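In my numbering, the protein residues as written are 23 to 519.
Backbone N, C-alpha and C define an ideal beta-carbon position, used for all residues, glycine too.
Note that the structure is a prediction, hence the values are computed from the model and not measured.
I have placed the structure first, in the form of structure tokens, so that the comments after it can refer back to it.
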């Protein structure tokens with residue numbers, strides 16, 4: 023359970039008043055002095071969000087600059103201390119925005135993170151120059167301080183004061199990770215075909231893996247900017263819950279790319295040659311993707327669980343057809359789009375992940391295996407299998423992951439024996455032609471007439487009837503032994519009473 027968030031203002035009107043003091047009139051020195059006093063009082067009570075800390079630092083330098091201008095009667099003090107004060111305030115603001123978003127095993131460039139935040143790129147360049155090169159001029163630093171306050175107004179003050187009236191901040195669209203996966207696959211193909219090239223391409227393979235890690239960090243920042251914005255105090259990743267949400271979202275986007283045909287599943291169906299002695303993916307796919315999957319698992323412990331959940335959810339939810347009793351007829355393209363070998367390859371990857379990484383146990387039960395079994399049991403439960411196309415794939419996966427575990431195996435066998443799965447058959451022209459041939463064969467077959475004699479309870483005057491299989495429908499009259507009655511009610515004949 024997360025602790026309540028502590029804020030320095032007693033009600034949102036105080037923050038609104040502070041905002042008006044700062045931004046209503048740029049040349050109102052007295053209003054800025056009131057803002058500095060209010061921020062200093064808040065800082066004495068509790069720690070300020072980074073946006074307010076940066077606002078206080080920039081305003082303080084601007085007041086010093088304005089006072090020095092008045093004291094020298096119009097001649098501004100272009101002293102080194104004033105330039106350093108401006109530079110320090112801007113450096114701290116940029117670093118405070120960017121550093122908390124340096125997540126992942128490998129660092130990303132400050133410029134890329136700033137671009138995702140919508141921070142002007144020239145502020146990042148000025149921060150770099152002030153840190154590693156000569157101090158920028160006083161005029162450039164003054165302009166940077168005004169630009170910084172403007173950015174804070176639109177990305178912190180306005181979203182915090184009235185979140186509903188401000189649209190979500192625009193950020194750089196997240197680039198696709200598929201090109202990185204293709205680059206990795208091309209390198210691994212060369213290595214697997216010729217083992218002597220492993221040392222030559224080791225640096226390139228490691229560099230590609232680092233780029234994939236940087237993409238995951240970029241995805242985490244992207245979801246934070248899209249969902250929360252800088253106006254939220256949780257944006258910079260404070261709290262394990264917020265970090266978990268961003269981590270899961272980034273890994274889900276990566277799993278989407280891994281499940282594309284051409285990644286974990288070979289693009290050509292001829293290359294989907296499954297081992298006959300085990301329920302594992304093709305050997306060539308294992309050789310290509312095992313190094314990357316192991317790398318991801320070492321840096322992201324939740325990756326195996328995320329990938330297996332993603333695959334099983336896809337196999338269960340995206341392979342259903344509408345109810346045959348519905349008036350809506352599914353398009354032929356939707357029916358023919360199912361690829362059994364693709365489904366089987368993904369299911370075998372689930373089995374491989376469980377076999378390789380199901381080490382985390384709670385109460386002597388493998389958690390990853392148990393989660394997969396529960397998902398499969400819900401999909402294969404009686405009443406839930408209607409419309410499933412890949413029942414055989416899910417059944418094989420369930421039998422594989424429960425093998426060797428007595429409790430899970432017994433529950434699995436009970437479920438599979440009770441579900442009464444009838445293979446789904448698609449009616450087409452060939453099926454109708456086959457039915458017509460069978461009907462013609464039955465109609466042309468000679469069958470000896472069957473004599474029917476009345477039973478002791480029937481009316482004795484009923485003559486013997488001969489029924490031929492090819493007679494078809496006929497209307498029964500009063501001379502037959504049949505008598506009308508409501509469905510489910512038997513009316514005995516008068517002779518039996």
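Which of the three DSSP states, helix, strand or coil, is assigned to residue i?
i	result
residue 505	coil
residue 287	strand
residue 36	helix
residue 31	coil
residue 299	coil
residue 140	coil
residue 131	coil
residue 68	coil
residue 362	helix
residue 45	helix
residue 155	coil
residue 485	Any reading at residue 485 must be qualified, since the residue scores a pLDDT of 49, below 50, and its modelled position is unreliable; no value is offered.
residue 347	Annotation note: pLDDT 39 at residue 347 (below 50); position unreliable, no value reported.
residue 196	coil
residue 414	helix
residue 106	helix
residue 184	coil
residue 179	helix
Nearest-angstrom Cα distance between residue i and residue j?
i	j	result
residue 337	residue 402	12 Å
residue 148	residue 87	19 Å
residue 332	residue 319	15 Å
residue 413	residue 241	35 Å
residue 322	residue 433	32 Å
residue 150	residue 202	29 Å
residue 9	residue 204	Residue 9 lies beyond the stretch modelled for the chain, which goes from 23 to 519, so this question has no answer here.
residue 47	residue 117	28 Å
residue 540	residue 131	Residue 540 lies beyond the stretch modelled for the chain, which goes from 23 to 519, so this question has no answer here.
residue 465	residue 456	14 Å
residue 111	residue 198	36 Å
residue 511	residue 429	48 Å
residue 85	residue 51	7 Å
residue 65	residue 119	19 Å
residue 506	residue 462	33 Å
residue 446	residue 277	For residue 446, the predicted model reports a pLDDT of 42, less than 50, meaning its position is unreliable; a value from the coordinates is still stated below. If I take the Cα positions, the gap works out to 30 Å.
Leaving aside the five residues before and after residue i along the sequence, list all residues of the same chain whose C-beta is less than 6 Å from its C-beta, in chain order.
i	result
residue 287	364 and 367
residue 234	202
residue 231	317
Which residues in the same chain have their Cβ closer than 8 Å to the Cβ of residue i, if we skip the five residues on either side of it in sequence?
i	result
residue 106	157
residue 282	200
residue 61	40, 70, 74, 77, 78 and 81
Suppose the cutoff is 7 Å on Cβ atoms and the five residues either side in sequence are ignored; what does the same chain contact list for residue i look like?
i	result
residue 309	214
With 16 other CB atoms within 10 Å as the buried threshold, where does residue i fall?
i	result
residue 269	buried
residue 522	Look at the range of the chain in this structure, 23 to 519, and you will see that residue 522 is not part of it.
residue 144	exposed
residue 77	buried
residue 378	exposed
residue 152	buried
residue 37	buried
residue 228	exposed
residue 135	buried
residue 298	exposed
Between the stretch 297-309 and the stretch 216-235, do three or more beta carbon pairs fall short of 8 Å?
Contact between the stretch 297-309 and the stretch 216-235 is absent, because fewer than three Cβ pairs lie under 8 Å.
Is the number of C-beta pairs between the stretch 30-38 and the stretch 61-70 that are closer than 8 Å three or more?
With the cut-off at 8 Å, the stretch 30-38 and the stretch 61-70 touch.
At a cut of 8 Å, does the stretch 373-380 reach the stretch 417-429 through at least three beta carbon pairs?
Counting Cβ pairs under 8 Å, three or more are found: they touch.
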